[in-house]
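**Q** Residues -20 to -1, 1 to 326 in mature numbering (1 follows the signal peptide of the UniProt record, and there is no 0) are what the sequence shown lists, from first letter to last.
The C-beta atom is built at its ideal place from N, Cα and C for all residues, glycine as well.
All values reported here derive from a predicted model rather than from experimental measurement.
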Amino acid sequence: MNPQAKLIFTLSLTLGTTLTISSNHWIMAWTGLEINTLAILPLISKSHHPRAIEAATKYFLVQAAASALLLFSSMTNAWHTGQWDITQLSHPTSCLILTVALAMKLGLVPFHFWFPEVLQGSSLIVGLLLSTLMKFPPITLLYLTSPSLKPSILMTMAILSAALGGWMGLNQTQTRKILAFSSISHLGWMAIIIAYSPKLALLNFYLYTLMTAAVFLSLNSIKALKLSTLMTTWTKTPSLNAILLLTLLSLAGLPPLTGFLPKWLIIQELTKQEVALAATIIALLSLLGLFFYLRLAYCATITLPPHTTNHMKQWYNNKPTNTMVAVLTTMSLMLLPISPIILAVV
């Protein structure tokens, strides 16, 4: 892709995200979401592969439908209350439609079907953008409107997301699809807490972004798109593969790694709010996710491929690891001890 075109699309993504997260009027927020959608489409379809074109088409159709629902919800609210302010959403029908629209934007169950397919048709870097940056504006809108939304609907969606995200990731062999189901599962954790403690949901999103970026960039630097390829990369970058193992365990939420912090705080908050049953269910469902993270980690670092493998072993790569990967993986592993400082800032 032309560097100038890539620069324009990147700037448009930044503009769209900034516009949505900083606006307090529904039309401005909607405009930002539309700019985002139009800017990411060329990045998804830049390889001109039929799979990439299909992914871009699916992404466009789903996001257009979600944006239309969001606009309809805000117009219905304005019709009944005369308010265009995002935080003044009070009409029950508008709240319900908005919940559906944001669930479609984020890929929450039962509106999740597009997300693994779109991620599979994109490159790892575009997949990283779709999993992190493109989720930021809808999460912000969910944060702003959380007092108006029904906790029971959000909790049902959250538990279903954690269940299906874990279940459907079990038999996947493509790393991008596994990370897509991981994203759906993590969104379940954010959705369950957003009605009770919106700041905690945002903290979860920030830490999830940090860990997912570390995993995506690590996989991109070793060019691993399938588990079978991942099995042969230990010869190329042994140190990066060892760190990838720990980053994946952090994403699964194992102590004493960074990923344990949001899960621990969410379970604590849910117990305080007297929804211990939901906390127990979602904690048990996270074991499904742990299984496929362990599978990824096992393929990356522990197994030696059989001699009949179709993949050629790669030469040891003596190039230094990308600084960004080093910083992100370090943060993905070591932020738990400074959790009091993080909580004080948030």
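What does DSSP give as the partner residue(s) for His5 in the beta ladder?
**A** For the purposes of this step, residue 5 is taken as the residue at position 25 of the sequence shown. In DSSP, His5 forms a bridge with Asp65.
**Q** Regarding Ala32 and the ligand GDP, is the C-beta to nearest heavy atom distance less than 7 Å?
**A** What this structure holds is no ligand at all, so the ligand GDP is not there to describe.
**Q** How many Å lie between residue 330 and Ala48 at the Cα?
**A** Here the chain covers residues -20 to 326 and nothing more, so residue 330 does not appear.
**Q** Between the Cα of Leu159 and the Cα atoms of Asn4, Leu99, Ala324, which residue gives the shortest distance?
**A** Within the sequence shown, residue 159 is the residue found at index 179, counting from 1. Considering only alpha carbons, the answer is Leu99.
**Q** Is the stretch 120 to 131 in contact with the stretch 161 to 178, if contact means three or more CB pairs nearer than 8 Å?
**A** Yes, the stretch 120 to 131 touches the stretch 161 to 178.
**Q** Counting only the same chain and skipping the five closest in sequence on each side, list residues whose C-beta sits under 7 Å from that of Ile133.
**A** Start at 1 with the first residue of the sequence shown, and residue 133 comes out as number 153. Here the set comprises Thr79.
**Q** Should Ile223 and Thr309 be called a contact, given that it needs their Cβ atoms to be closer than 8 Å?
**A** Within the sequence shown, numbered from 1, the residue matching residue 223 stands at position 243. Within the sequence shown, numbered from 1, the residue matching residue 309 stands at position 329. A contact, by the Cβ cut-off of 8 Å.
**Q** Which one or two residues does DSSP pair with Gln43 in a beta bridge?
**A** For the purposes of this step, residue 43 is taken as the residue at position 63 of the sequence shown. None, per the DSSP bridge assignment.
**Q** Which of the three DSSP states is assigned to Gln206 in this structure?
**A** Residue 206 sits at position 226 when you count from the first residue of the sequence shown. The question names Gln, but residue 206 is Lys in the sequence shown. Lys206: strand per DSSP, three-state reduction.
**Q** In terms of residue numbering, what span does the alpha helix (DSSP H) encompassing Ala157 cover?
**A** As a first step, residue 157 is located in the sequence shown; it is residue number 177 there, counting from the start. According to the sequence provided, residue 157 is Lys. The question's Ala does not apply to it. Note, Lys157: alpha helix (DSSP H), 155 to 173.
**Q** With C-beta atoms as the reference, is Leu50 less than 8 Å away from Ala143?
**A** By 1-based counting over the sequence shown, the position of residue 50 is 70. By 1-based counting over the sequence shown, the position of residue 143 is 163. In this structure, Ala143 does not lie closer than 8 Å to Leu50 by Cβ.
**Q** By how many angstroms is the C-alpha of Gly145 removed from the C-alpha of Ala194?
**A** Taking the sequence shown and counting its residues from 1, one reaches residue 194 at position 214. Taking the sequence shown and counting its residues from 1, one reaches residue 145 at position 165. Cα to Cα, the separation comes out at about 20 Å.
**Q** Exposed or buried, which one is Pro127 when buried takes at least 16 other CB atoms within 10 Å?
**A** To locate residue 127, count along the sequence shown from 1; it is residue 147. Pro127 is exposed by the Cβ-count criterion.
**Q** Apart from the five residues on each side of it in sequence, which residues of its chain come closer than 7 Å, Cβ to Cβ, to Met114?
**A** Within the sequence shown, residue 114 is the residue found at index 134, counting from 1. These residues qualify, in order along the chain: Asn16, Ile20.
**Q** For Arg156, count neighbouring Cβ atoms within 10 angstroms of its own Cβ and tell me buried if that reaches 16, exposed if not.
**A** Locating residue 156 in the sequence shown gives position 176, counting from the first residue. Burial call: buried.
**Q** Does chain C have any CB closer than 8 Å to the CB of Ala258?
**A** As a matter of chain content, chain C is missing from the structure shown, which is built from one protein chain.
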